[in-house]
Every structure is written in C-alpha cells, then in structure tokens.
Amino acid sequence: DTSPENTISQKVHQALGFEETERVIFYRKRC
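Going by the numbering used here, 23 is the number at position 23 of the sequence shown; the sequence numbering is gapless.
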C-alpha cells in the first residue's frame, strides 16, 4: 500500500508485477 502522491512506490510496485485494485479517499471535518 502507498499514498496517492508516492509515485515512486507506485512505479516500483507496477514494475514488480502488482496492479492497482482501488483508491480510497478519506475525509475529515475540521472543527
């Protein structure tokens, strides 16, 4: 797993044969 902005890790995973299965976005309300 990696964060969306970590493109280096994403490229390494793809090079190792992994494929992206989903992306999740979490929201937090600021009080």
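Even glycine gets a Cβ: it sits at the ideal position worked out from N, Cα and C. Nothing here was measured: the structure is a model prediction, and the numbers come from that model.
In this structure residue 2 is in contact with residue 10, their Cβ atoms being roughly 6 Å apart against a cut-off of 8 Å.
Ranked by how close their Cα comes to the Cα of residue 4, the residues 13, 15 and 23 have 23 in first place.
For residue 9, the uninterrupted alpha helix (DSSP H) segment begins and ends at 7 to 15. The straight-line gap separating the alpha-carbon atoms of residue 15 and residue 28 is approximately 33 Å.
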